[in-house]
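Residue numbers (the numbering used here), protein chains in the order written: chain A, 1 to 191; chain B, 192 to 382.
Heads up, the thing below is written out as structure tokens.
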């Protein structure tokens, strides 16, 4: 049943729909396909790799601002990685530079709920979890304070292939699960 | 041939790979449509490439995917409608003449009719100037009679976000009505 109109404008809207609001027709729908410039195609894929991180950072910051937490405040939750946290919050870095616990703390402080971040975080990680093969025996960067998966990859020198979607999906799901576990610990006061 | 739902699911599993598939499938057709729309409305092609890129990037936003599904799940029409609207909006911002159907109605008509019919007619005319998302939300509320929480559920957004989106859509519509020469005081009782 249709809810009661709140005001005259609501009534007007309903009358309009009752009278019919046809979907507009566009002559351009009949257009023939046109070639997409090669540069544009390359550019969108490049932008897409960072897009989910930017969107996630933007929504996290908006949620934080809503409860009085600015970028500096949120970044201070990632103790020891404040610089990386700021880069992430500005949409320039990657969540992979942070520990899952740090990310969970920022989400928790900003009252940013899993239904708002889980898919975007998965996408951000899946889009960026590609790195070149390290040479034998070489350990890339720090191995402490990383997600279990990333630490294992670095210590073992294992070699995920660039653009291996199945690997990226597995990696990203595991990363999101770790953040979710940390977030649940915070929300249940277990930390 | 993958369905549009398959494409969306592919983007959810592997953002870069799924987006590439969507571009392979619909990129040239969307490019043709946007260029044609810009040509027919005499906007020039300056914004077409950017808007083409932004349209595809929207597929990476989980909220936009929910909106696409709520609008019927067809990728190319959804990308096209948004792209046309963005081209119109960009042109309006540059103060290029608005489409003919936004010319103010005959003032005597709106006064004499003491409104509903003139208002309904104008509302139907300006409705396509809202963003596709705003149209969808107003349709859900005023045509389908959905409650705000139901809109939130369908669009995969919070109740607060759904309320704000519905409010913004109504305000935008009122603004367009005023620009078209309608005195909204006639429509207000308690809004």
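Note that CB positions come from ideal geometry on N, CA and C, so glycine has one too.
Can you grab the Cα-Cα spacing for the pair residue 117/A / residue 323/B, in whole Å? The C-alpha of residue 323/B is placed about 24 Å away from the C-alpha of residue 117/A.
Report the option in 113/A, 67/A and 89/A whose CA atom is closest to the CA atom of residue 76/A. Selected option, being the one with the closest Cα: 89/A.
Run down chain A in chain order and give the residues with a C-beta less than 9 Å from the C-beta of residue 238/B. None at all; the shortest Cβ gap to chain A is about 13 Å.
So, do the stretch 192 to 212 of chain B and the stretch 42 to 51 of chain A have three or more beta carbon pairs nearer to each other than 8 Å? Because the criterion of three Cβ pairs below 8 Å is met, the stretch 192 to 212 of chain B and the stretch 42 to 51 of chain A touch.
Quick one: any contact between the stretch 27 to 42 of chain A and the stretch 94 to 104 of chain A, if contact means 3 or more CB pairs under 8 Å? no
So, do the stretch 50 to 62 of chain A and the stretch 119 to 126 of chain A have three or more beta carbon pairs nearer to each other than 8 Å? yes
Roughly how many angstroms lie between the CA atoms of residue 14/A and residue 342/B, to the nearest whole one? A straight line joining the alpha-carbon of residue 14/A with that of residue 342/B spans about 17 Å.
Taking the CB atoms as reference points, tell me whether residue 349/B and residue 17/A lie closer together than 8 Å. no
Quick check: the Cα distance between residue 199/B and residue 250/B, rounded to an integer number of angstroms? 8 Å
Any Cβ of chain A within less than 8 Å of the Cβ of residue 328/B? No, residue 328/B lies away from the interface with chain A (no Cβ there is under 8 Å from its Cβ).
Give the interface partners of residue 36/A over in chain B, defined as CB-CB distance under 8 Å, in chain order. The contacting residues are 214, 218, 219, 222 and 243.
How big is the Cα-Cα spacing for residue 177/A and residue 270/B? 32 Å
Could you please tell me which residues of the stretch 271 to 283 of chain B, in chain order, have their CB closer than 7 Å to any CB of chain A? 271 and 275
Proximity of residue 360/B and residue 339/B at Cβ, strictly below 8 Å: no
Would residue 108/A pass as a contact of residue 188/A if the rule is Cβ separation under 8 Å? no
Can you tell which of 254/B, 329/B, 239/B and 224/B has the C-alpha that lies nearest to the C-alpha of residue 346/B? 254/B
Skipping 5 residues on each side, what residues in its chain have a beta carbon closer than 7 Å to that of residue 261/B? Sequence-distant partners of residue 261/B (beyond 5 residues in either direction) whose C-beta falls short of 7 Å from its own C-beta, in its chain, are 327, 345 and 346.
Report, in whole angstroms, the separation of the C-beta atoms of residue 78/A and residue 311/B, which I expect to be a contact under 8 Å. Wrong, their Cβ atoms sit about 55 Å apart, outside the cutoff.
Cα-Cα separation, residue 216/B to residue 57/A: Roughly 30 Å separates the two Cα atoms.
Measuring CB to CB, does residue 256/B end up less than 8 Å from residue 169/A? Result no, Cβ atoms of residue 256/B and residue 169/A do not sit closer than 8 Å.
Report, in whole angstroms, the separation of the C-beta atoms of residue 103/A and residue 179/A, which I expect to be a contact under 8 Å. 5 Å
Among 231/B, 252/B, 225/B and 230/B, whose alpha-carbon lies nearest the alpha-carbon of residue 241/B? Selected option, being the one with the closest Cα: 225/B.
DSSP state of residue 285/B mapped onto helix, strand, coil: coil
Quick one, are the C-beta atoms of residue 358/B and residue 278/B less than 8 Å apart? no
Would residue 86/A pass as a contact of residue 231/B if the rule is Cβ separation under 8 Å? no
Taking C-beta pairs closer than 7 Å, name the residues in chain A that residue 208/B reaches, listed in chain order. 165
Presumed contact (8 Å Cβ cut-off) between residue 364/B and residue 321/B, rounded CB distance: Between residue 364/B and residue 321/B, the beta carbon gap of about 6 Å places them in contact (Cβ cut-off 8 Å).
Taking 8 Å as the threshold (beta carbon to beta carbon), is residue 119/A in contact with chain B? yes
So, with DSSP's three-state summary, where would you put residue 107/A? helix
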